[in-house]
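Single-structure report; data block below.
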Amino acid sequence: MKKIFLSIFLISLLSPLTALAGTYIAAEDSTAYTIYYSGLVPCGKEVCKGTTLNIRTIESALAQGSNFDQACSAGGGTVYRGEQVGEFYTGFPCTFCHFFVMLDGIFDFVLFQLVPPLAVLMLAIGGIMYIMAQFGGAEVLTGGGSGGPKLLGQAKKLMTAVVMGLVIIYGGWLIVDLFFDTIGVADWTGL
């Protein structure tokens, strides 16, 4: 079971379907800009910067095979590459705030892109185990044991663990998010 979970976890991290991209708000000379970046790290590379970016347009242009420059201009922004040093660009400079933007991106990825499919997969495995235990006779247990009460107990234990894990994960997120909303973090950080 551990090998299956590890392989699914690694495949989901390496899959192009889970490619990360994010946005954040930055102020420069009392003008608020939306910054769009691709990947997990929000700095040190080219970013799309604009006052009124259309994120859906950028992402659909990238999905259709446009390069980053074309997608950024289609979304109403300009590409910021940083200063040119020789033939290379320095990229968008990193600051301490980018560390927190990156952490926010990691939490969003885990909570909303990684946990739901894994929970559905584990519940499906538990459901299959439950059905096999009801019909019995299947040699699915380690050591060549057949289904029945032992497999039924494992299925119930797996499904209970998944539900409890979801309650803990999303309950914790709900409490922290409610606390941050109460003290007004979103008003001064844009998170």
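Residue numbering for the sequence shown is -21 to -1, 1 to 170, as defined by mature numbering (1 follows the signal peptide of the UniProt record, and there is no 0).
Using N, Cα and C, we set each Cβ at its ideal position, and we do this for glycine too.
All of these numbers come straight from a predicted model, not from anything done at the bench.
Nearest-angstrom Cβ-Cβ length linking residue i and residue j, presumed shorter than 8 Å
| i | j | result |
| --- | --- | --- |
| K28 | G54 | With a Cβ gap of about 11 Å, K28 and G54 do not count as contacting. |
| L137 | M101 | 7 Å |
| A(-1) | S17 | 5 Å |
| P21 | V80 | 5 Å |
| I34 | C51 | 11 Å between Cβ atoms; not a contact. |
| L19 | G84 | 6 Å |
Chain-order list of residues whose beta-carbon lies under 7 Å from that of residue i (same chain, five-residue window excluded)
| i | result |
| --- | --- |
| F67 | none |
| L(-5) | Interpretation of L(-5) is limited by its pLDDT of 44, a score under 50 that renders its predicted location unreliable; no figure is taken from the coordinates. |
| W152 | L90 |
| K(-19) | none |
| residue 186 | Nothing can be reported for residue 186: it is not among the residues displayed for the chain, which extend from -21 to 170. |
| G44 | none |
Enclosing beta strand (DSSP E) for residue i [first to last residue]
| i | result |
| --- | --- |
| C27 | V26 to G29 |
| T57 | T57 to Y59 |
| E38 | No beta strand (DSSP E) contains E38, which is instead part of the alpha helix (DSSP H) from I34 to A42. |
| S17 | T10 to S17 |
| P1 | Note on residue identity: the sequence assigns Gly, not Pro, to residue 1. First-last of the beta strand (DSSP E) with G1: A(-1) to E7. |
Interface flag, residue i vs chain B, CB-CB below 8 Å
| i | result |
| --- | --- |
| F91 | No chain B appears in this structure, which consists of one protein chain only. |
Nearest residue (CA-CA) to residue i, options the options
| i | options | result |
| --- | --- | --- |
| Q63 | M101, K24, G84 and I37 | K24 |
| I14 | G105, H77, Q92 and I104 | H77 |
| Q113 | K(-19), Q92 and K135 | K135 |
| L32 | K129, G70, D87 and Y3 | Y3 |
| residue 175 | G65, T69, M111 and L82 | With the chain represented from -21 up to 170, any question about residue 175 goes unanswered, as that position is not in the structure. |
Other residues of its chain near residue i: CB distance less than 8 Å, five sequence neighbours each side excluded
| i | result |
| --- | --- |
| D48 | V58 |
| V141 | A98, M101, L102 and G105 |
| T139 | none |
| I148 | L90 and V94 |
| T30 | T10, A11, Y12 and T13 |
| T161 | none |
| A40 | Q49, A50, A53 and G54 |
| T74 | C22 |
Residue i: first and last residue of the uninterrupted alpha helix (DSSP H) it sits in
| i | result |
| --- | --- |
| S52 | F47 to A53 |
Residues near residue i by beta carbon distance below 6 Å, same chain, minus five either side
| i | result |
| --- | --- |
| residue 176 | Residue 176 cannot be examined here, being either before or after the span of the chain that is shown, -21 to 170. |
| M143 | none |
Residue ranges of each alpha helix (DSSP H) run of no fewer than 4 residues wholly in the segment 71 to 145, ordered along the chain? 75 to 88 and 94 to 114
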